[in-house]
Amino acid sequence: MSAFTSRSHSHSDRRISTVFLVLLAVFVTTGASLWVHWGNMTFGVFVFVCAGWLISLCLHEYAHARAALHGGDITVGSKGYLTLNPLKYTHPVYSFVMPLIFIILGGIALPGGAVFIERGRIRSKAKNALISAAGPAINAAFALVLLVVIAVVAPAYYGSGPGSVPHQEFYEALGYLALLQVMATILNLIPMPGLDGYGIIEPWLSYETRRSLANIAPYGMMIIFLLMWNQTIGGWLFNDVIYPFLNWFGAAFYASDGSVAFHFLRFGFGGFGS
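Structure (structure tokens):
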């Protein structure tokens, strides 16, 4: 009986949550409406990108949890981290609401910290580093999938205005979502305490260094956000790094126009990527 109960709990601990399935349904439905040009296209781009961004946040945190499970922390299942349910994470506001607000107000893509890993259970420094690297790896993979779709399927587009190519709004939404994934990968790999880039190198730092930097960790994401509002820093990242990379896949103009459509609700807020 106890073995059966344990097995049942094991399956429920890893069953995909209804919340994630709803996000996926919204993502697919709005994508389909953009493809067939049904409804308000600008609002459709906004909802599609928001849903896609939230899905990527769930996958990002799932990757951390899955890597931790294989690294030795068997508690991640009982905490619900393997269900892709954002409501199960440690700080839903910090992990999902704030990153969503960041992209709406400023077009700055930063995943938040969410899953609590019992690092004492992890068997080596390398496994600890891999746990931190797993999240950005998901963002990079998501970006690559979106960009390959644009490169293979989308017509060439050079920003010639609405209705220039078939299914334009769909590709604009896809391009802007890809831009956010690329940005999230880059920013999250910065070795700032509180971000995954720091988590990758932290296992090899001395105890004294880790203790002194621990006070910065709660503010790491906000520090990066504020730095990105600097015109020189933000402009360099977008104009010299992200857009040239997107251009390799023919997605730069799609992403740029998708950004304009996405930020139609900002009502005068500044920011990058628009």
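Heads up, the sequence shown is in the working numbering, so the first residue is -5 and it goes up one at a time. A virtual CB, placed ideally from N, CA and C, is assigned to each residue, including glycine. Small disclaimer: the values here were computed from a predicted structure and weren't measured.
Backbone CA spacing between residue i and residue j [nearest angstrom]
i    : j    : result
Y83  : A19  : 21 Å
D7   : H54  : 18 Å
N233 : A120 : 35 Å
W230 : I68  : 42 Å
T226 : V235 : 13 Å
S72  : G244 : 43 Å
F40  : F256 : 5 Å
Q162 : F37  : 14 Å
Q175 : G74  : 25 Å
F258 : I217 : 26 Å
G155 : H31  : 16 Å
D251 : R9   : 38 Å
M177 : Y152 : 22 Å
G157 : V139 : 25 Å
R204 : F219 : 23 Å
T294 : M186 : Here the chain covers residues -5 to 268 and nothing more, so residue 294 does not appear.
W242 : S206 : 41 Å
I98  : V16  : 21 Å
W198 : G33  : 53 Å
A211 : Y201 : 15 Å
V147 : V87  : 36 Å
M92  : A26  : 27 Å
A131 : V70  : 19 Å
Expected contact under 8 Å - CB spacing of residue i and residue j to nearest Å
i    : j    : result
F96  : I102 : 5 Å
G214 : L189 : 5 Å
A172 : A249 : 6 Å
G193 : I184 : Actually they do not touch by this definition, with Cβ atoms about 11 Å apart.
H58  : G129 : 5 Å
A208 : I125 : With a Cβ gap of about 18 Å, A208 and I125 do not count as contacting.
V159 : P149 : 4 Å
L181 : L104 : 6 Å
N133 : T179 : 4 Å
Neighbourhood of residue i by C-beta, 7 Å cutoff - its chain only, sequence neighbours within 5 removed
i    : result
R113 : N122
S11  : T77, L78, N79
F14  : C52, L78, N79
F21  : F42, A45, G46, I49
L221 : I227
E196 : R204
Chain-order list of residues whose beta-carbon lies under 6 Å from that of residue i (same chain, five-residue window excluded)
i    : result
Y237 : A246
F136 : S50, Q175
A127 : I194
Y56  : L78
Cβ-based neighbour list, residue i, same chain, cut-off 8 Å, excluding 5 preceding and 5 following
i   : result
L94 : C44, W47, L48
L28 : M35, G38, V39, F42, H161, E163, F164, A167
G66 : R115, I116, R117, K121
For the region 114 to 156, list the alpha helix (DSSP H) runs that are entirely contained and at least 4 residues long, ordered along the chain. 119 to 147
Residue ranges of each alpha helix (DSSP H) run of no fewer than 4 residues wholly in the region 55 to 105, ordered along the chain? 92 to 99
Which ranges would you report for the alpha helix (DSSP H) in the region 217 to 262 if only whole runs of at least 4 residues count? 225 to 230, 237 to 241, 246 to 256
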